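Enquirer: Start counting the sequence shown at 22; every next residue gets the next number (the numbering used here). Heads up, the beta-carbon is just placed ideally off N, CA and C, and yes, glycines get one too. Everything numeric in this text was worked out from a predicted model, so none of it was measured.
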Amino acid sequence: MDNSWESLLRQLPPWFQDMTAAVPKEERKDLTELRLFCGQHPLWVKRGEAIFYNKEIISKGQLQEIFHSLCHGSVHSFEQELKEGFVPLEGGHRVGICGTAVYRDGIRSGVRDISSINIRLARPCTGCARNLYQEMERRGMAEGSFLLVGAPASGKTTLLRDYARILAGGDGDPCRLIALLDERSELSDGFDLGLSTHVLKGLPKTVGILQALRTLAPKVILCDEIGTAEEAKLLLQGLQSGCRFIGSIHGENWQQLQQKAQFRPFLEQKALDAVVFLKQAQQPGQIREIHEIRGSKNETVGLSSDFPQHGLGWASP
22 MDNSWESLLR QLPPWFQDMT AAVPKEERKD LTELRLFCGQ HPLWVKRGEA IFYNKEIISK
82 GQLQEIFHSL CHGSVHSFEQ ELKEGFVPLE GGHRVGICGT AVYRDGIRSG VRDISSINIR
142 LARPCTGCAR NLYQEMERRG MAEGSFLLVG APASGKTTLL RDYARILAGG DGDPCRLIAL
202 LDERSELSDG FDLGLSTHVL KGLPKTVGIL QALRTLAPKV ILCDEIGTAE EAKLLLQGLQ
262 SGCRFIGSIH GENWQQLQQK AQFRPFLEQK ALDAVVFLKQ AQQPGQIREI HEIRGSKNET
322 VGLSSDFPQH GLGWASP
């Protein structure tokens, strides 16, 4: 049984659960997204391609019902998340919400008139980061500071989660003290994170970073999607205290990455050991190249894409 699939269905209305019977069981493990548009057929994404399994059209009322179901019938409980356009789901699934922004006293407070919903399915892929770990270990950087860089749906979150599991002794490796910052409840919920991973869930990274440093004494801090220069600067404080850092940033290549405000602080402080670039969404979890950076010189001294890798099969182990 695909537990990730089941965890998603439990959070959808019963009538929509019935509609998913049209999805062939043998194909479910390869589905990565469900996109719902008002007045359109449900659109599933499989290996980067759009697929329509259903003839039914999703009405405005049905889309609103799905939205309320994903919020567990309590939309106001997700007010803070909806300001940012998402709802966290059990199982680590990501839900993006589109509609009309609602403002209160000039400040965005939520969303109404839902027009579309995008659900990105999260699945465990235990062992998917093993080859990356071994490659970084070969380079003397298994506990180093590095960034995973890739486009949306390239597998950054899944690799990061499994790398945390390995660092925390999940495969019998040395057990390091890990702090995992899970701001959007996407990294930790229901997943194997090894033996020694402290999880700070639901906190903004800018708060979680300082709390982890002050109270947990981690050897490595991991977090997903560094989005601002402020977050980067706080992570640099941790590096200066001797803690190592592994995170992710949206990006395509080295030239583009250098232009991003959230990356420049790392570059200026010569704080990273490497940058790991992933392939596109059609090959999730696969490494395109590794830029090894000397901390003292901040120079690219090595590229590698020739080590064994399996990518993400998206199937539960």
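Taking the alpha-carbon positions, what's the W275 to E251 distance?
Expert: For the purposes of this step, residue 275 is taken as residue 254 along the sequence shown, with counting starting at 1. For the purposes of this step, residue 251 is taken as residue 230 along the sequence shown, with counting starting at 1. Using only the alpha carbons, I get a separation of about 21 Å.
Enquirer: Between the segment 153-172 and the segment 302-313, can you find at least three pairs of beta-carbon atoms closer than 8 Å?
Expert: yes
Enquirer: What are the boundary residues of the alpha helix (DSSP H) that includes D203?
Expert: As a working mapping, residue 203 is identified with position 182 in the sequence shown. Where D203 is concerned, there is no enclosing alpha helix (DSSP H), although the beta strand (DSSP E) it sits in stretches over I199 to D203.
Enquirer: Beta-carbon within less than 7 Å of G191's beta-carbon, same chain only, minus the 5 sequence neighbours each way: which residues are those?
Expert: The count along the sequence shown starts at 1 and reaches residue 191 at position 170. Closer than 7 Å at the Cβ level, and outside the excluded window around G191, lie D213, G215 and L216.
Enquirer: Count the other CB atoms, across all protein chains shown, that sit within 10 Å of the CB of E27; report buried if there are 16 or more and exposed otherwise.
Expert: Indexing the sequence shown from 1 puts residue 27 at position 6. Result: exposed.
Enquirer: By alpha-carbon positions, which one of Q101, C92, A292 and G272 ends up nearest to G131?
Expert: Translated into positions along the sequence shown, residue 131 becomes position 110. Nearest of Q101, C92, A292 and G272 to G131, Cα basis: Q101.
Enquirer: Helix or strand or just coil, what does DSSP make of Y154?
Expert: Here residue 154 refers to the residue found at position 133 of the sequence shown. DSSP places Y154 in helix when its eight states are reduced to three.
Enquirer: How many angstroms separate the CA atom of H89 from the CA atom of I140?
Expert: Within the sequence shown, the letter at position 68 stands for residue 89. Within the sequence shown, the letter at position 119 stands for residue 140. H89 and I140: Cα-Cα distance of roughly 14 Å.
Enquirer: Does A253 pass the burial test, meaning 16 or more other C-beta atoms within 10 Å, or should it be called exposed?
Expert: For the purposes of this step, residue 253 is taken as residue 232 along the sequence shown, with counting starting at 1. The residue is buried, with at least 16 neighbouring Cβ atoms inside 10 Å.
Enquirer: From E77 to R186, what does the alpha carbon distance come to, in whole angstroms?
Expert: As a first step, residue 77 is located in the sequence shown; it is residue number 56 there, counting from the start. As a first step, residue 186 is located in the sequence shown; it is residue number 165 there, counting from the start. Their backbone Cα atoms lie some 41 Å apart in a straight line.
Enquirer: With a 10 Å radius around its C-beta and 16 neighbouring C-beta atoms as the bar for buried, classify E289 as buried or exposed.
Expert: By 1-based counting over the sequence shown, the position of residue 289 is 268. With fewer than 16 other Cβ atoms within 10 Å, it is exposed.
Enquirer: Do you know how far the Cα of A143 is from the Cα of I72?
Expert: As a working mapping, residue 72 is identified with position 51 in the sequence shown. As a working mapping, residue 143 is identified with position 122 in the sequence shown. Answer to the nearest angstrom: the Cα atoms are 18 Å apart.
Enquirer: For W65, does the count of other Cβ atoms within 10 angstroms reach 16, so buried, or fall short, so exposed?
Expert: On the sequence shown, residue 65 is found 44 positions in, with the first residue counted as 1. Result: buried.
Enquirer: Taking buried to mean at least 16 other C-beta atoms within 10 Å of its own C-beta, is E204 buried or exposed?
Expert: In the sequence shown, counting from the first residue as 1, residue 204 sits at position 183. E204 should be labelled buried.
Enquirer: Tell me the start and end of each unbroken beta strand (DSSP E) in the segment 216-247 that is at least 3 residues and wholly inside, in chain order.
Expert: 218-222 and 241-244
Enquirer: Cβ of G190 within 7 Å of any heavy atom in the ligand ADP?
Expert: You won't find the ligand ADP in this model; it holds no ligand whatsoever.
Enquirer: At which residues does the alpha helix (DSSP H) containing Y184 begin and terminate?
Expert: If you number the sequence shown from 1, residue 184 lands on position 163. K177 to L188 is the span of the alpha helix (DSSP H), which, as asked, contains Y184.
Enquirer: Alpha carbon to alpha carbon, what distance is there between A292 and D39?
Expert: Translated into the one-based positions of the sequence shown, residue 39 becomes position 18. Translated into the one-based positions of the sequence shown, residue 292 becomes position 271. Cα-Cα distance, rounded: 51 Å.
Enquirer: Flag this pair as yes or no: are the beta carbons of L202 and C244 separated by less than 8 Å?
Expert: As a first step, residue 202 is located in the sequence shown; it is residue number 181 there, counting from the start. As a first step, residue 244 is located in the sequence shown; it is residue number 223 there, counting from the start. In contact: L202 and C244 (Cβ atoms closer than 8 Å).
Enquirer: Taking C-alpha atoms, which residue in V96, N24 and M157 lies nearest to I118?
Expert: On the sequence shown, position 97 is the one that residue 118 refers to. Ranking the options by Cα distance to I118, first place goes to V96.
Enquirer: May I ask you to report which of helix, strand or coil DSSP gives V66?
Expert: Residue 66 sits at position 45 when you count from the first residue of the sequence shown. Strand at V66.
Enquirer: Look up T41 in the DSSP assignment and say whether it is helix, strand or coil.
Expert: The residue labelled residue 41 in the question sits at position 20 within the sequence shown. It is helical.
Enquirer: Given this structure, state the Cα-to-Cα distance separating Q307 from L208, to the nearest angstrom.
Expert: Here residue 307 corresponds to residue number 286 of the sequence shown, with the count starting at 1. Here residue 208 corresponds to residue number 187 of the sequence shown, with the count starting at 1. Approximately 19 Å between the Cα atoms of the pair.
Enquirer: Please classify A253: does DSSP put it in a helix, a strand, or coil?
Expert: Mapped onto the sequence shown, residue 253 falls at position 232. Reduced to three states, the DSSP call for A253 is helix.
Enquirer: Which of the three DSSP states is assigned to P109 in this structure?
Expert: Here the question's residue 109 lines up with position 88 in the sequence shown. Residue state, collapsed to three classes: strand.
Enquirer: Which residues in the same chain have their Cβ closer than 7 Å to the Cβ of L180, if we skip the five residues on either side of it in sequence?
Expert: Here residue 180 refers to the residue found at position 159 when the sequence shown is read from its first residue. Closer than 7 Å at Cβ, skipping near neighbours: C149, A150, L153, L169 and G306.
Enquirer: How many whole angstroms separate the CB atoms of T218 and A238, which I take to be in contact at a CB cut-off of 8 Å?
Expert: The residue labelled residue 218 in the question sits at position 197 within the sequence shown. The residue labelled residue 238 in the question sits at position 217 within the sequence shown. With a Cβ gap of about 14 Å, T218 and A238 do not count as contacting.
Enquirer: Run through DSSP, which three-state label would R160 get?
Expert: Translated into the one-based positions of the sequence shown, residue 160 becomes position 139. It is coil, neither helix nor strand.
Enquirer: Should S317 be labelled buried (16 or more other beta-carbon atoms within 10 Å of its own) or exposed?
Expert: As a working note, residue 317 is residue 296 in the sequence shown. Caution is warranted here: a pLDDT of 49 is assigned to S317, below 50, making its placement in the model unreliable, and the coordinate value is therefore given only provisionally. By the neighbour-count rule (16 or more Cβ atoms within 10 Å), S317 is not buried but exposed.
Enquirer: Tell me the rounded alpha-carbon separation between S80 and L234.
Expert: The count along the sequence shown starts at 1 and reaches residue 80 at position 59. The count along the sequence shown starts at 1 and reaches residue 234 at position 213. Going by the C-alpha atoms only, they are around 48 Å apart.
Enquirer: At the level of alpha carbons, what is the spacing between G229 and L221?
Expert: Looking up residue 229 in the sequence shown gives position 208. Looking up residue 221 in the sequence shown gives position 200. Distance between the alpha carbons of G229 and L221: 6 Å.
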